[in-house]
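No gaps in the numbering here: position 40 of the sequence shown is 40 in the UniProt record's numbering, and each next residue is one more.
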Amino acid sequence: MEQNLDDLAKLSELKEKGIITEEEFQQKKEQLLQLSPNQADKPQQPEEKTVKGEKWYKKPLGIIALLILFFPAGLFLMWKYTDWHKNIKWGITGFFALIVIWSIVSSALAKTPVITLNDFEADKTVTGSEYSLSGKVDPPSSELKINGKTVEVKEDGSFTYSLSLEEGVNEIKIEANNSGKTAELSRKLTRELTEEEKAAKAAEEKRKAEEETKQKAEEEKPDVPAEYKSALAQATTYANDLHLSKKGVYDQLVSEYGGQFKAEAAQYAIDNVKADWKANALAKAKTYQNDLHLSPSAIRDQLVSEYGEKFTAAEADYAIQHLND
Numbered sequence: 001m002e003q004n005l006d007d008l009a010k011l012s013e014l015k016e017k018g019i020i021t022e023e024e025f026q027q028k029k030e031q032l033l034q035l036s037p038n039q040a041d042k043p044q045q046p047e048e049k050t051v052k053g054e055k056w057y058k059k060p061l062g063i064i065a066l067l068i069l070f071f072p073a074g075l076f077l078m079w080k081y082t083d084w085h086k087n088i089k090w091g092i093t094g095f096f097a098l099i100v101i102w103s104i105v106s107s108a109l110a111k112t113p114v115i116t117l118n119d120f121e122a123d124k125t126v127t128g129s130e131y132s133l134s135g136k137v138d139p140p141s142s143e144l145k146i147n148g149k150t151v152e153v154k155e156d157g158s159f160t161y162s163l164s165l166e167e168g169v170n171e172i173k174i175e176a177n178n179s180g181k182t183a184e185l186s187r188k189l190t191r192e193l194t195e196e197e198k199a200a201k202a203a204e205e206k207r208k209a210e211e212e213t214k215q216k217a218e219e220e221k222p223d224v225p226a227e228y229k230s231a232l233a234q235a236t237t238y239a240n241d242l243h244l245s246k247k248g249v250y251d252q253l254v255s256e257y258g259g260q261f262k263a264e265a266a267q268y269a270i271d272n273v274k275a276d277w278k279a280n281a282l283a284k285a286k287t288y289q290n291d292l293h294l295s296p297s298a299i300r301d302q303l304v305s306e307y308g309e310k311f312t313a314a315e316a317d318y319a320i321q322h323l324n325d
């Protein structure tokens, strides 16, 4: 029992010096009071520092992890829960204190960056689709961003950045950061189209407008009756395969010995058939010349005759003029 009292006194002294925690003191005190006289005479086995079920942040590995990831919390837990030698604790604390002091001093001594642009003192207007932005930033160690993108800064502080421009006003924002101290510069670059681009744009707008008009007309066009479609199909054959004139095609469509279509269906076919009537007249003229060996004058008469091909005078003249091409 006397030995137990001596041990309790030593434990109390260790607790007062901060070598062991209050929790460790209470645990060892309970163990000493529970020992029998025979057990008290036996040499005590070294006891593990870590108690089963102890919180992770009280364990050495957890404290070390916090010192690395979030040192303020790590320092607090180190002083409260570890039994490391005080010199080690003070050394670790001093190390992190130096880091904090160095960070504060570096930030205080850092120079506010200055951005200078080449040939871009104020907003300007250009005609190209690309613009090469160049300039300098001081100090050269500053981090530079243009429209949110990091730009390489050379050792002398110079930089170059290529901008793709849209038609109209292009906003340019330049930011420099030097150890927490920042500087910003904004410019507006207005891009106007060249004469060639203006012409191309106008042509494209016209094409789109025509397509929209055509599409709208197609959508608004009433459904074509089946008879009209059939008449158009026959008209295409007469015009492009048999090389008939426009009037000749119409007559074939309405003839009781031909298509027997109604006049309305035949007229729809004539209005919508795609044919080169002058080329048809020339094809017929060559047939008369090569197969029937007619003279140009006779050929023309056949082309315009109401009992012949029924081409117009202009179409017949075209055929005669190009008969020998």
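Backbone N, C-alpha and C define an ideal beta-carbon position, used for all residues, glycine too.
Near residue i, what residues of its chain come up, given a Cβ to Cβ distance below 8 Å and the 5 sequence neighbours on each side ignored?
{"i": "Asp-291", "result": "none"}
Between which two residues does the alpha helix (DSSP H) harbouring residue i extend?
{"i": "Phe-76", "result": "71–81"}
According to DSSP, is residue i part of a helix, a strand, or is it coil?
{"i": "Asp-138", "result": "strand"}
{"i": "Ile-64", "result": "helix"}
{"i": "Asn-118", "result": "coil"}
{"i": "Ser-162", "result": "strand"}
{"i": "Tyr-131", "result": "strand"}
{"i": "residue 365", "result": "Summary: the structure shown does not reach residue 365, with the chain confined to residues 1 through 325, and so no result is reported for it."}
{"i": "Ile-146", "result": "strand"}
{"i": "Arg-207", "result": "helix"}
{"i": "residue 336", "result": "The structure shown does not extend to residue 336, since the chain spans only 1 to 325, so no value can be given for it."}
{"i": "Gln-39", "result": "The predicted model places Gln-39 with a pLDDT of 46, which falls under 50 and marks its position as unreliable; any figure quoted below should be read in that light. Helix at Gln-39."}
{"i": "Val-153", "result": "coil"}
{"i": "Lys-274", "result": "coil"}
{"i": "Val-100", "result": "helix"}
Output yes or no for whether 8 Å exceeds the beta carbon distance between residue i and residue j.
{"i": "Asn-178", "j": "Ser-142", "result": "yes"}
{"i": "Glu-192", "j": "Thr-127", "result": "yes"}
{"i": "Lys-136", "j": "Thr-116", "result": "yes"}
{"i": "Glu-184", "j": "Ile-172", "result": "no"}
{"i": "Ala-203", "j": "His-243", "result": "no"}
{"i": "Leu-232", "j": "Tyr-257", "result": "no"}
{"i": "Lys-188", "j": "Asp-123", "result": "yes"}
{"i": "Phe-261", "j": "Glu-227", "result": "yes"}
{"i": "residue 328", "j": "Pro-140", "result": "Nothing about residue 328 can be reported from this structure: the residues present for the chain run from 1 to 325 only."}
On the DSSP letters alone, give me the boundaries of the beta strand (DSSP E) that residue i sits inside.
{"i": "Ser-186", "result": "181–191"}
{"i": "Gly-168", "result": "168–178"}
{"i": "Thr-112", "result": "Taken as a continuous stretch (DSSP letters only), Thr-112 belongs to no beta strand (DSSP E), as it is neither H nor E."}
Would you say the beta carbon of residue i comes nearer than 7 Å to a heavy atom of the ligand NAP?
{"i": "Leu-117", "result": "The ligand content of the structure shown is nil, which means the ligand NAP is not present either."}
Can you give me the Cβ contacts of residue i inside the same chain, cut-off strictly under 7 Å, excluding the 5 residues immediately before and after it?
{"i": "Tyr-288", "result": "Leu-294, Ile-299, Gln-302"}
{"i": "Lys-15", "result": "Glu-22, Phe-25"}
{"i": "Ile-270", "result": "Ala-235, Lys-246, Val-249, Tyr-250"}
I'd like the list of long-range same chain contacts for residue i, defined as Cβ closer than 6 Å, with 5 residues on each side in sequence excluded.
{"i": "Ala-176", "result": "Pro-113, Ile-115, Val-137, Ser-142, Leu-144, Ala-183"}
{"i": "Lys-56", "result": "Reading the sequence as shown, one finds Trp at residue 56 and not Lys. Contacts found: Gly-62."}
On the premise that residue j lies in contact with residue i, defined as a C-beta separation below 8 Å, what is that separation, rounded to the nearest angstrom?
{"i": "Glu-196", "j": "Leu-163", "result": "Not really, about 21 Å apart at Cβ, beyond 8 Å."}
{"i": "Val-151", "j": "Phe-159", "result": "5 Å"}
{"i": "Ile-63", "j": "Leu-77", "result": "5 Å"}
{"i": "Tyr-318", "j": "Lys-278", "result": "4 Å"}
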